[in-house]
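Enquirer:
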Amino acid sequence: MSIADRLKDKTLYRTASFIDGAWVTGEGARPVHNPSTNEVIAEIGDVGADGARAAIAAASKAFADWKRVSPFERSKLLMKWHQLILENASDLAMLITLEMGKTFREAQGEVVYGASFIEWSAEEAKRIHGETMHPPFPNSRGWTTHQPVGVVACITPWNFPNAMITRKCAPALAAGCTMVLKPAPETPLSALALAELAKRAGIPDGVFNVICGDAQALGPVMTGAPEVKMIGFTGSTAVGKLLMRQAADGVKRVALELGGNAPFIVMDDADVEAAADGVIASKFRVSGQTCVSANRIIAQSGIADRLIAALEARVSALKPGDGFDASTDLGPLIHHQAVDRVDALVRNARESGARIVTGGKPLVDTLGGSFYAPTLIEGGSPSMDMACFEIFGPVASIYRADSEADILRLANDTPYGLAAYVYTRDVNRVYRITEGLDYGMIGVNAPMVGSASTPFGGMKESGIGREGGKWGVEEFSELKYVLLGNLTA
Ligand code: SIN
């Protein structure tokens, strides 16, 4: 059966870029693979630098009108888009599982999560307002307004092919900006289906454009065009730094959601069973391929053995497999190179003296797709590779530490500062540890930090700016101050 035939609405299967409200095929045919089966599920043309320029021109033209559309009208259009996404949730989830591999259950969750950013931003569109203030001059008044930044160029990742798009473009459109979006080459289908639904919702041509093609050709056009006023990106810190350098010439605003190295701290007084459940939820969600996944599980010495036992039972029970099989807990990694990368980290851990409690090997030969065994490692050193770099795979690694001061030092000993987690029942510790952690988001007795209403983003080399909540919308607006002087009133 063809991919389109698997959908209730076949027209959501789009394989061309979306520029100024039209489908543009581009040159060549880059294959998109299902990582679970290696099957080619689509071939996508490359619009090249000219296509990127056309999309930017369309977004720039559309901006002149879109910024003047009343926020109430923008809100209605976004709400319509939200409604269409929920009506087509099962097709959108099917596309996510097909192109990215995560379980259908996770994909369904992602569609609802993604839609929630549109709903939140639609509501927020009506609440973008300024303030009045007293300037220090006689007979004067001052006030601020928020003005949309302009055309925004965004580059989004493959791990959340739907939600990382809506988390950027919904607040951007709500604020009055227009967008040119380049999805990850591994997962263009979700982005293009979202574009189809945006068109059906009545979002005007040119307001939301999706371009597919080679990053080396498209990226510099997106960062270099004078019409583009802001760059949004979710992905690796290395690419984030490159985009920041490219954006510097035009002094463009950047919103960067980059890599993490999340510590998951379990203190002696924690509820061990709840902490073990939390590690599974944080570490094995999307097979460990999220930037907020627990990367280093730091167990206080008094509780470490009990935590390892609780985790061994849970991790060895996890079942990897095809995302459409209802008994599957974990889908594949995005591709075979990802499997090789994770395996190299595990081999390095073994060589550094760590013990593989369970798992520790690729399952490519057994399961066919790019699978890696759910893995638990203990006794590793904080200087081994997987403690220093993002694992981005289903490998949980436990480190022991004694005092609160040692734990904080270890947790902060990284250039990253995205998410951290701490499990404790002592409220004094909650304050001490959360205040001591240099991270943008901290889950206390909670393994998941993202939501439409809360700020998502990192400190240090994990990024700049926040997505979600009122902060997500503010990123896409310029604050303008007006001083009115010489009043006679
Ligand atoms: C990410 O990994 O980039 C996003 C994770 C989330 O929103 O929870």
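Under the numbering used here, think of the first position of the sequence shown as 1495, with each following residue one higher.
Backbone N, C-alpha and C fix where the C-beta goes; we use that ideal spot for every residue, glycine too.
These numbers were taken from a predicted model, which means no experiment stands behind them.
What is the residue span of the beta strand (DSSP E) that Asp-1514 lies within?
Expert: Neither: Asp-1514 is in no beta strand (DSSP E) and is coded neither H nor E.
Enquirer: Give every residue of the same chain whose Cβ lies closer than 7 angstroms to the Cβ of Val-1858, excluding the five residues on either side of it in the sequence, and list them in chain order.
Expert: If we look at Val-1858 and ignore the five residues flanking it on each side, its Cβ neighbours are His-1830, Val-1833, Ser-1864, Phe-1865.
Enquirer: Would you call the stretch 1558 to 1571 in contact with the stretch 1909 to 1923, where contact means no fewer than 3 C-beta pairs closer than 8 angstroms?
Expert: They do not touch, by the three-pair rule.
Enquirer: Assess contact between the stretch 1787 to 1795 and the stretch 1874 to 1886, defined as three or more Cβ pairs (one per stretch) separated by less than 8 angstroms. Is contact present?
Expert: They touch, by the three-pair rule.
Enquirer: Which residues share a DSSP beta bridge with Leu-1824?
Expert: According to DSSP, Leu-1824 bridges with Pro-1814.
Enquirer: What's the C-alpha gap between Ser-1730 and Leu-1752?
Expert: Taking the straight line from one Cα to the other gives about 5 angstroms.
Enquirer: Taking only the alpha-carbon atoms, compute the straight-line gap between Val-1840 and Phe-1778 and give it to the nearest angstrom.
Expert: Going by the C-alpha atoms only, they are around 16 angstroms apart.
Enquirer: Just to confirm, does Val-1943 get its C-beta within under 8 angstroms of one of the non-hydrogen atoms of the ligand SIN?
Expert: At least one heavy atom of the ligand SIN is nearer than 8 angstroms to the Cβ of Val-1943, so yes.
Enquirer: Candidates Gly-1944, Lys-1504, Ile-1927, Asn-1528: which alpha carbon is nearest Asn-1691's?
Expert: Checking the displayed sequence, the identity of residue 1691 turns out to be Leu instead of Asn. For the residues Gly-1944, Lys-1504, Ile-1927, Asn-1528, the minimum Cα distance to Leu-1691 belongs to Lys-1504.
Enquirer: Let's see if you can read the secondary structure: which residues bound the alpha helix (DSSP H) around Ser-1554?
Expert: Counting along the chain, the alpha helix (DSSP H) containing Ser-1554 begins and ends at 1542 to 1560.
Enquirer: Would you check if the distance between the CB atom of Ala-1510 and the CB atom of Ala-1711 is smaller than 9 angstroms?
Expert: Contact flag unset, no.
Enquirer: Confirm, please, whether the CB-CB distance from Ser-1846 to Gly-1874 is below 9 angstroms.
Expert: Going by C-beta atoms, Gly-1874 is nearer than 9 angstroms to Ser-1846.
Enquirer: By a C-beta neighbour count over all protein chains shown, 10 Å radius and 16 as the cutoff for buried, is Gly-1772 buried or exposed?
Expert: By the neighbour-count rule (16 or more Cβ atoms within 10 Å), Gly-1772 is buried.
Enquirer: So, is Lys-1735 buried or exposed, given that buried needs 16 or more other C-beta atoms within 10 angstroms?
Expert: So Lys-1735 ends up on the exposed side.
Enquirer: Rounded to whole angstroms, what's the CA-CA distance from Gly-1854 to Ala-1756? Just pull it up for me.
Expert: Approximately 21 angstroms, taken between the alpha carbons.
Enquirer: Exposed or buried, Gly-1696, counting other C-beta atoms within 10 Å across all chains shown (16 or more means buried)?
Expert: Exposed, by the Cβ-count rule.
Enquirer: Going by CA-CA distance only, name the one from Ile-1774, Gly-1951, Ala-1807 that's closest to Thr-1728.
Expert: That would be Gly-1951, whose Cα lies nearest to the Cα of Thr-1728.
Enquirer: Report the partner residues of Asn-1703 according to the DSSP bridge assignment.
Expert: Looking at the DSSP assignment, Asn-1703 forms a beta bridge with Val-1674.
Enquirer: With a Cβ-Cβ cutoff of 9 angstroms, do Pro-1888 and Ala-1867 count as a contact?
Expert: Result yes, Cβ atoms of Pro-1888 and Ala-1867 sit closer than 9 angstroms.
Enquirer: For Gly-1744 and Pro-1720, I'd like the C-alpha separation in whole angstroms.
Expert: Whole-angstrom Cα-Cα distance: 7 angstroms.
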